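Asker: Let me begin by handing over the structure; questions about it come next.
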Amino acid sequence: MIMAIRRGDKGTPKRKDLAQRDIMLFLFGINTGLRVSDIIKLKVADVKGRRQMQVQEGKTRKKRLVNILNIQRELDDYISGRDSQDYLFPSQKGKGPVTATQVYRMLQDAGQWIGRDDIGTHTMRKTFGYHFYKQTKDVAMLQDIFNHSAPSITKRYIGITQDEIDETLKGFRLG
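Under the numbering used here, the first residue of the sequence shown carries the number 3, and numbering increases by one thereafter.
Structure (structure tokens):
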């Protein structure tokens with residue numbers, strides 16, 4: 003997917019600064035599980051020199067502590083030389099942030115380049131959730147991270163079926 007993001011909508015390479023922004027946005031999204039609407043509002047100061055950051059989610063209005071240590075090196079390289087008050091993911095036009103529509107188009111273009119038509123702005127959050135679940139098998143913690151009201155919502159959101167749960171438990175036995 004990252005190779006596809008480096009490309010423009012016609013498979014031609016993007017400007018280096020746009021490619022870096024889009025790749026970092028994608029890495030940020032799949033490693034934090036934040037909604038695109040919350041990611042695009044971030045400023046450089048929110049991540050600079052931090053291992054964690056506090057985000058007030060736009061949809062739920064709840065505050066959430068987000069660990070960014072796993073992508074700190076990439077973030078530091080990406081923000082090097084940037085002003086703290088700059089948007090983390092700036093628009094190429096003006097001083098504002100990239101828009102959710104621009105992010106959607108970027109992801110759609112990358113998806114088409116790799117032959118997928120099911121890529122959208124929720125893909126990054128769902129990817130985070132799916133792989134978090136696959137590594138930890140902890141639906142309750144993921145439910146808490148996503149601020150979902152019930153485990154069933156979380157499982158449906160990341161595409162975990164009862165068959166997958168049954169398969170995971172197949173060899174489980176105590177005593």
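Every residue gets a Cβ at the ideal spot worked out from N, C-alpha and C, and that includes glycine. Here the structure is a predicted model, which is why all the values come from computation and not from measurement.
1. Are Ile-70 and Arg-52 touching if we call contact CB-CB under 8 Å?
2. Taking only three categories from DSSP, how would you classify Arg-158?
3. Can you give the Cα-Cα distance for Phe-134 and Ile-116, rounded to whole angstroms?
4. Does DSSP put Gln-137 in a helix, in a strand, or in coil?
5. Sorted by chain position, which residues of the same chain lie with C-beta nearer than 7 Å to Phe-30's C-beta, five sequence neighbours on each side aside?
6. Counting only runs that start and end within the segment 46-117, where is the alpha helix (DSSP H) found for 4 or more residues in a row?
7. So the alpha helix (DSSP H) Phe-30 belongs to, where does it begin and stop?
8. Going by CA-CA distance only, name the one from Ile-147, Val-100, Leu-44 that's closest to Gly-131.
9. Start and end of the alpha helix (DSSP H) containing Ser-39?
10. Have a look at Asp-24 and Met-108 and give me their C-alpha separation to the nearest angstrom.
11. In this structure, does DSSP put Phe-130 in helix, strand or coil?
12. Distance check for Gly-177 and Arg-118, CA to CA, integer angstroms please.
13. Identify which residue in Tyr-106, His-124, Leu-27 has its Cα closest to the Cα of Lys-45.
14. Please list the terminal residues of the continuous alpha helix (DSSP H) segment that includes Ile-1.
15. Grouping DSSP H, G and I as helix and E and B as strand, with all else coil, what is Ile-147?
Answerer: Taking the structure as given:
1. If you number the sequence shown from 1, residue 70 lands on position 68. If you number the sequence shown from 1, residue 52 lands on position 50. Result yes, Cβ atoms of Ile-70 and Arg-52 sit closer than 8 Å.
2. Sequence index remark: in the sequence shown, residue 158 carries index 156 (1-based). Of the three classes helix, strand and coil, the one that applies to Arg-158 here is helix, per DSSP.
3. The sequence position of residue 134 within the sequence shown is 132, counting from 1. The sequence position of residue 116 within the sequence shown is 114, counting from 1. Roughly 24 Å between the two C-alpha positions.
4. Locating residue 137 in the sequence shown gives position 135, counting from the first residue. DSSP places Gln-137 in helix when its eight states are reduced to three.
5. On the sequence shown, position 28 is the one that residue 30 refers to. Only Ile-41, Ile-73 meet the Cβ criterion.
6. 46-49, 74-81, 102-115
7. Residue 30 sits at position 28 when you count from the first residue of the sequence shown. First-last of the alpha helix (DSSP H) with Phe-30: 18-34.
8. Mapped onto the sequence shown, residue 131 falls at position 129. It is Ile-147.
9. Working through the sequence shown from its first residue, we reach residue 39 at position 37. 38-41 is the span of the alpha helix (DSSP H), which, as asked, contains Ser-39.
10. As a first step, residue 24 must be located in the sequence shown, where it is residue number 22. As a first step, residue 108 must be located in the sequence shown, where it is residue number 106. Those two C-alpha atoms are separated by around 8 Å.
11. One-based indexing of the sequence shown puts residue 130 at position 128. Reduced to three states, the DSSP call for Phe-130 is helix.
12. By 1-based counting over the sequence shown, the position of residue 118 is 116. By 1-based counting over the sequence shown, the position of residue 177 is 175. Their Cα atoms are separated by approximately 46 Å.
13. Along the sequence shown, one-based indexing puts residue 45 at 43. Nearest option by C-alpha distance: Leu-27.
14. What is shown of the chain runs 3 to 177, which leaves residue 1 out entirely.
15. Along the sequence shown, read from residue 1 onward, the residue named residue 147 stands at position 145. In this structure, Ile-147 counts as helix in the three-state DSSP scheme.
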